[in-house]
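In what follows, a structure is listed as structure tokens, so that the remarks can point back to it.
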Amino acid sequence: MLMHECLDSWLDWLTHEKRARPNTVLAYRNDVATALAFLGEHLGQEPDLSAFASLRTSDFRAWLAYDTNRAESGKGTPDGRARSRARRVSALRSFYHYLHIRHGVSASALRQLKAPKTRKRLPRPLSRDMARSAASDIAALEQHPLCAARDEALFTLLYGAGLRIGEALALDLRDCDRAAESGLRVTGKGGRERLVPLLPNVLKALARWRSQHPCPAPEAPLFVGLRGKRLQPAVARRVMQVWREQSGLDNSATPHALRHSFATHLLEGGADLRAIQELLGHASLSTTQAYTLADERHLLAVWQAHPRARK
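Residue numbers (my numbering): 10 to 320.
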């Protein structure tokens, strides 16, 4: 079995069994296809399954060295390039994991390959006042009343429930039918489902939008454009970009920053870290712990403002 055939079956497995996001599948496909192309040249021919299973750690180090040299000649910051290389190593490990499950291929050679170290990026939340007013301020910039109601509902949901933009835009109208009584059932990364309670202001914004929704069928997308199609993340980002520029904010003020703000403001208010993990849909508590680092940074800044903190 040739590796391009294994690649296709792995991508199908990621999509239908692991329910990975389309962007993740596309990025992983490009990453692993590039690695396979190098390894094919390295070996002198496209490797089949047995040849791939016999690869040594030195072969993967040669690929990583090639990838590093190629990345350093491109654009971006050193840390950004390191993150891209770390993602490519992660993609190849995921591919190997699949080959181990389906074909018994050992991943011992790849396990010895060290991924590039990257700096831990701390979430950059909006201020409380800015996050609270973001949805209504963004809606006020829309000229079409339908878009204004939609945007207010969408961005109120992102900050009020901590959803990823992809999770919010994947919702259908029927997903909101019992949200007031039992919460909103959200499908996150890896197909993991979670139940998210909705605040009264979120429910009101959603109700206003639903009363104007152009297609009331239960299976219709919750958030749509003027043509009735499911709203794309790029549209939401552009809408927020206009607001960001008019508000004098930097590029970190994205739809995802509202999710960061949700978690950070909960933590600052004394919420339990495990509860925040459940609300965000993080598989690992270590992912959620990044918010404690951001909170510590905020507390340090407050402490340094004390007169006795100055030398």
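Glycine included, every Cβ here is placed at the ideal spot set by N, Cα and C.
query                                                                                                                            : result
Residue from MET12, LEU35, HIS13 with nearest C-alpha to LEU23                                                                   : LEU35
Extent of the continuous beta strand (DSSP E) to which LEU8 belongs                                                              : For residue 8 there is no data in the structure shown, the boundaries of the chain being 10 and 320.
Counted within 10 angstroms of its Cβ, other Cβ atoms place HIS25 as buried (16 or more) or exposed                              : exposed
Coarse secondary structure for VAL233, derived from DSSP in three states                                                         : strand
LEU193 and ALA170 closer than 8 Å at C-beta                                                                                      : yes
Cross-strand partners of VAL195 (DSSP beta bridge)                                                                               : ARG203
Buried versus exposed, by CB contacts within 10 Å (16 or more), ILE285                                                           : buried
Contacts around TYR75, its chain only, beta-carbon distance under 6 Å, and the 5 residues preceding and following it disregarded : PHE47
Nearest-angstrom Cα separation, counted from ALA80 out to GLY53                                                                  : 23 Å
Beta carbon of PHE61 nearer than 8 Å to that of ALA118                                                                           : no
C-alpha distance - ALA292 paired with SER270, whole-angstrom precision                                                           : 19 Å
Counted within 10 angstroms of its Cβ, other Cβ atoms place ARG94 as buried (16 or more) or exposed                              : buried
Assigned secondary structure, LEU11 (DSSP; H/G/I helix, E/B strand, else coil)                                                   : strand
Candidates LEU101, ALA179, ARG268, THR296, of which the one nearest ASP40 by Cα                                                  : LEU101
Cutoff 6 Å; reference ARG28; Cβ partners in own chain excluding five residues on either side                                     : GLY200
Counterpart residues of ARG239 in DSSP-defined beta bridges                                                                      : VAL233
Segment limits, alpha helix (DSSP H) that includes ASN260                                                                        : Run containing ASN260: none; DSSP gives neither H nor E here.
Minimum C-alpha distance to GLN250 - residue among THR263, ARG239, LYS238, GLN241                                                : THR263
Length of the line joining the Cα atoms of GLY278 and PRO87                                                                      : 36 Å
Beta-carbon contacts of ASP56 that lie in its chain and below 7 Å, excluding the five residues immediately before and after      : The sequence as given places Pro at residue 56; Asp does not occur at that position. Here the set comprises MET12, LEU48, GLY49.
Contact belief for ALA239 with PRO230 at Cβ below 8 Å, rounded distance in angstroms                                             : At residue 239 the sequence reads Arg, which differs from the Ala that was named. The Cβ separation is near 4 Å, so the contact holds.
Beta-carbon gap between LEU155 and PRO242 smaller than 8 Å                                                                       : no
Close-in-space but distant-in-sequence residues of the same chain around ALA143 (CB under 6 Å, 5 per side omitted)               : PHE164
Assumed close pair LEU135, ARG268 - CB separation to whole angstroms, cut-off 8 Å                                                : The pair is not a contact, with the Cβ atoms about 11 Å apart (cut-off 8 Å).
Per DSSP, cross-strand counterpart(s) of ASP181                                                                                  : PRO230
Three-state secondary structure (DSSP) of ASP40                                                                                  : helix
VAL98 beta carbon less than 8 Å from that of ALA71                                                                               : no
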